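Undergrad:
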Amino acid sequence: MAISVPADPASGRSGPQEVAVVRHPIADARNIVVGYELRFGGSIDLGDPAMDAKATSALLVEAFGDIGLETLAGRHPAWVTIARNFLVEIGPPPVRPDRAVLQIKAYHAREDLLQILQRLSRSGYTIALDEWEGDLGANVEELMSLCSIVRVDVSRIPAAELPRVLRVPKMQGALLVATEVGDHAAFLRCQELGFTYFQGEYFAQPRTFKHRGVATAGLGSLRRLNKLTSGDISFEDLERIISSDVGLSLKLLRYVNSAFFSLPRNVSSVHEALSLLGVRTVRRWATVMVLASIPDVPDELVSLGLRRAHMCEILVGHTTTEEREMMFTIGLFSVADALLDMPMADVLESLPFTEELQAALLRREGPKGELLAAVTAYERGEFPTLPTSDTRPTLAGAYRAALEWADETGRAIA
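For the sequence shown, the residue numbers in full-length UniProt numbering are 1 to 414.
Here it is in structure tokens:
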């Protein structure tokens, strides 16, 4: 998400510099998203928004004012880290209490901050204590008493130490959030320890499997994907594949007739959709719908696949249609292992993908694999850079466009 920030005269650079925002989902035990944490970065160092009031001001004003809260978080609250001196010097952030969770780093709080947090809490703001590690020597109990949520980075604390770390927040009745949850094994451990919400890479990882293969529920989807992704499929073959699946046909027609396409007339058959939109467009959306219809798949995981697909498509630049389609496919199928709960290598064995596409998905090799790696690194908040030109936007700009597009598309295919 590109944000324009005035250039620093001391840097010797002119023109706007770019700050970037990514959102990280926070979900409950059923993988239903309850909020998005906003993380900031980019090509200019504004300072630590957890410590610096000026950095917090610049980022919040641009994020909530220029981009908009609806784009960033939709109907969910935005979880944002607030500098301690921001609250003391400036006051509440420019957002309604019900639209944000304010994250305060765990530390020894002075009386002026405690009084402000008390007022914010009475005004309806939700306050979360972030990066709690159980250090009672820091004397943060009074600060914690004002926080209804406590966030714990479970990747930094040995599993044997977690019960001790959680003892005080549990005694105070805080809602526990496990962050940096790496996989489903860690997710299950956190559930057992009493965490309510979860955040981390586990969301886009396949669950642990004891044997090779895919669950029965996903076999039909894998077979349909095999047919849909087979080479240069003809008009007649695509019509036959889609028409033979009543559920897929109905979903596709409902989507084609939605406001997303804004077609001049109502489309009543797969044949008519193909004639009006073309094989390439119909195949793309049929593939998306097959992936989205896999049983027990979290909506956020489908949204992640759509976002990656469109981001990859944008970043490949003004090249051939075939190149853009391939990058869209690579981004979309980068979550296929998590959707189908099987290793990516096994997924690809069942699909007629080229060696180049397989290398990109399996090992992030080749130019396309490197582009996918940059996209996923950006999602994690690492904010890498790519060479830009007149035909290729920045990662930040592509992310913003893909975020809006994926949210709109997700609503249309739901």
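C-beta atoms are modelled at their ideal positions from N, C-alpha and C, and glycine is treated no differently. These numbers were taken from a predicted model, which means no experiment stands behind them.
(1) Identify the continuous beta strand (DSSP E) that holds residue 129 and give its terminal residues.
(2) Short check: CB of residue 228 to CB of residue 286, under 8 Å?
(3) Return the first residue and the last residue of the alpha helix (DSSP H) that residue 299 is part of.
(4) Just to confirm the assignment, what range does the alpha helix (DSSP H) spanning residue 377 have?
(5) Candidates 414, 408, 413: which alpha carbon is nearest residue 74's?
(6) Could you check how far apart the C-beta atoms of residue 99 and residue 83 are, in whole angstroms? I think they sit under 8 Å.
(7) Could you name the residues that DSSP lists as bridge partners for residue 23?
(8) Assuming contact is defined by CB atoms lying nearer than 8 Å, are residue 267 and residue 301 in contact in what I supplied?
(9) With a CB to CB cut of under 6 Å and the five nearest residues on each side skipped, what residues in its chain are close to residue 143?
(10) State the CB to CB distance for the pair residue 279 and residue 235, rounded to an integer number of angstroms; the pair is presumed to be in contact (CB under 8 Å).
(11) Nearest-angstrom Cα distance between residue 299 and residue 410?
(12) Are the beta-carbon atoms belonging to residue 127 and residue 87 less than 8 Å from one another?
(13) Taking the straight line between their C-alpha atoms, what separation do you get for residue 24 and residue 222?
(14) Can you give the Cα-Cα distance for residue 9 and residue 276, rounded to whole angstroms?
(15) Report back the beta-carbon spacing between residue 294 and residue 339 to the nearest angstrom; my notes put them in contact at under 8 Å.
(16) Taking residue 134 as the reference, which of 120, 168, 114, 118 has the closest Cα?
TA: The relevant details are as follows:
(1) Translated into the one-based positions of the sequence shown, residue 129 becomes position 129. It spans 126-130 - the beta strand (DSSP E) in which residue 129 sits, taken as one unbroken run.
(2) Along the sequence shown, read from residue 1 onward, the residue named residue 228 stands at position 228. Along the sequence shown, read from residue 1 onward, the residue named residue 286 stands at position 286. Yes, they are a contact pair.
(3) To locate residue 299, count along the sequence shown from 1; it is residue 299. Per DSSP, residue 299 belongs to the alpha helix (DSSP H) from 299-315.
(4) Counting from 1 along the sequence shown, the entry for residue 377 is found at position 377. From DSSP, the alpha helix (DSSP H) with residue 377 extends over 366-379.
(5) Along the sequence shown, read from residue 1 onward, the residue named residue 74 stands at position 74. Residue 408 is the option with its Cα nearest to residue 74.
(6) For the purposes of this step, residue 99 is taken as the residue at position 99 of the sequence shown. For the purposes of this step, residue 83 is taken as the residue at position 83 of the sequence shown. Not a contact, Cβ separation roughly 19 Å.
(7) Mapped onto the sequence shown, residue 23 falls at position 23. According to DSSP, which records beta bridges pairwise, residue 23 is partnered with 38.
(8) Stepping through the sequence shown from its first residue, residue 267 is reached at position 267. Stepping through the sequence shown from its first residue, residue 301 is reached at position 301. Cβ atoms of residue 267 and residue 301: not closer than 8 Å.
(9) The count along the sequence shown starts at 1 and reaches residue 143 at position 143. Closer than 6 Å at Cβ, skipping near neighbours: 109.
(10) Here the question's residue 279 lines up with position 279 in the sequence shown. Here the question's residue 235 lines up with position 235 in the sequence shown. About 5 Å; that satisfies the 8 Å criterion.
(11) The sequence position of residue 299 within the sequence shown is 299, counting from 1. The sequence position of residue 410 within the sequence shown is 410, counting from 1. Approximately 8 Å between the Cα atoms of the pair.
(12) By one-based count along the sequence shown, residue 127 stands at place 127. By one-based count along the sequence shown, residue 87 stands at place 87. Contact flag unset, no.
(13) Here the question's residue 24 lines up with position 24 in the sequence shown. Here the question's residue 222 lines up with position 222 in the sequence shown. About 29 Å.
(14) Residue mapping note: residue 9 aligns to position 9 of the sequence shown, counting from 1. Residue mapping note: residue 276 aligns to position 276 of the sequence shown, counting from 1. Bear in mind that a pLDDT of 35 at residue 9, under 50, signals an unreliable position, so the number given afterwards is only what the model happens to contain. Cα to Cα, the separation comes out at about 54 Å.
(15) Position 294 of the sequence shown holds residue 294. Position 339 of the sequence shown holds residue 339. Rounded, the Cβ-Cβ distance is 5 Å, consistent with contact.
(16) If you number the sequence shown from 1, residue 134 lands on position 134. Across the set 120, 168, 114, 118, the C-alpha of 168 shows the shortest separation from the C-alpha of residue 134.
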